[in-house]
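Step one of this worksheet: look at the structure below.
In my numbering, the protein residues as written are 389 to 655.
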């Protein structure tokens with residue numbers, strides 16, 4: 389009996405020593421529940437920003453042959469594909485088809501290109517560009533000039549990274565990446581999808597976001613794929629709870645856009 393008590397006492401002592409000893413070793417840090425998600429999101433945002441530019445279409449009045457001033461300007465964002473193509477919106481107040489040498493030789497239109505950080509990349513005459521494809525809320529602009537290899541300052545996306553928007557099975561509450569800016573710097577936000585309208589003209593989706601004026605044309609991305617561009621923003625009144633709801637709409641990439649890219653651009 390005494391032997392059993394002695395054995396139990398020794399065993400308890402050894403067990404307590406093991407617990408104390410083990411507690412002195414470094415323990416693995418508690419793993420954050422979403423480090424992979426955060427890292428992958430930051431990586432995705434950087435890839436999106438690397439392919440995103442802000443463009444300003446500007447009608448310029450020459451004064452005394454050297455100096456001049458802007459008489460009309462329209463801004464927006466776009467996504468570069470294969471270095472020489474830009475997917476953007478189609479509601480600029482200045483038509484991209486304006487000629488550099490119009491009725492008045494002292495008035496011409498030029499394109500200013502800025503990167504996501506707001507730095508000026510290029511200033512080029514609009515005659516260096518052609519409209520490759522025009523759709524209700526989407527424009528594909530092609531650089532046809534010979535002066536530089538990267539008119540937008542980046543190679544942007546590959547063709548296979550641009551997808552037909554209606555082919556992506558998005559459900560309400562899914563998150564997509566959307567371009568926004570503050571008047572100088574461009575960044576990526578992750579709004580929720582609130583509705584998808586594949587039968588509308590153009591096919592579009594509604595997002596729970598309110599991007600700033602000038603963010604139009606910025607890409608909408610799903611799992612790293614470009615699927616559309618920001619079209620408009622609005623405020624809906626008379627919601628179920630009697631309040632208001634801010635939203636934006638994005639035009640989804642069409643079959644025709646993807647067909648053009650796959651037909652005329654190298655993979």
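Where is the CB? At the ideal position from N, CA and C, for every residue including glycine.
Put simply, of 470, 481 and 440 the residue whose alpha carbon is nearest the alpha carbon of residue 459 is 481.
Under a 10 Å Cβ-count criterion, residue 529 is classified as buried, with 16 or more other Cβ atoms of the shown protein chains found around its own Cβ.
Runs of the beta strand (DSSP E) lying entirely within the region 585-648, each at least 3 residues long, are 592-595, 607-610, 613-625 and 632-640 in chain order. Here residue 623 has 632 and 634 as same chain residues with Cβ atoms under 6 Å from its own Cβ, once five neighbours each way along the sequence are excluded.
Listed in chain order, the non-local C-beta contacts of residue 610 below 7 Å within the same chain comprise 556, 558 and 564, local neighbours out to five positions each way being set aside. The alpha-carbon of residue 578 is positioned some 14 Å away from that of residue 437.
Residue 637 is classed as buried because its beta carbon has at least 16 other beta carbons within 10 Å across all chains shown. Assignment of beta-bridge partners to residue 498 by DSSP yields 446 and 513.
Remark: fewer than three beta-carbon pairs, one from each stretch, lie closer than 8 Å, so the region 588-600 and the region 531-542 are not flagged as touching. Within the DSSP secondary-structure output, residue 576 pairs in a beta bridge with 567. The three-state reading of DSSP puts residue 523 in strand, counting E and B together. 464 is the residue among 430, 585, 427 and 464 whose C-alpha sits nearest the C-alpha of residue 441. Between the alpha carbons of residue 532 and residue 476 lies a distance of about 17 Å. The beta carbon of residue 520 lies closer than 6 Å to those of 528 and 530 in the same chain, with the five residues before and after it left out. With 16 or more other Cβ atoms inside 10 Å of its own Cβ, residue 478 counts as buried. The beta-bridge partner set that DSSP reports for residue 547 is empty. Annotation for residue 558: no beta strand (DSSP E) segment contains it, and DSSP assigns it neither H nor E. 7 Å or more divides the Cβ of residue 653 from the Cβ of residue 576.
Secondary-structure assignment with DSSP links residue 463 through a beta bridge to 444.
A direct Cα-Cα distance of roughly 22 Å separates residue 602 from residue 582. Between residue 553 and residue 606, the C-beta gap is not smaller than 7 Å, which leaves the two residues out of contact. When rounded, the separation of the alpha-carbon atoms in residue 516 and residue 434 is 28 Å.
Per DSSP, residue 536 lies in no alpha helix (DSSP H) segment and is marked neither H nor E.
Distance from the CA of residue 522 to the CA of residue 484, rounded to the nearest whole angstrom, comes to 10 Å. For residue 474, there is no enclosing alpha helix (DSSP H); the enclosing beta strand (DSSP E) has its first and last residue at 473-476.
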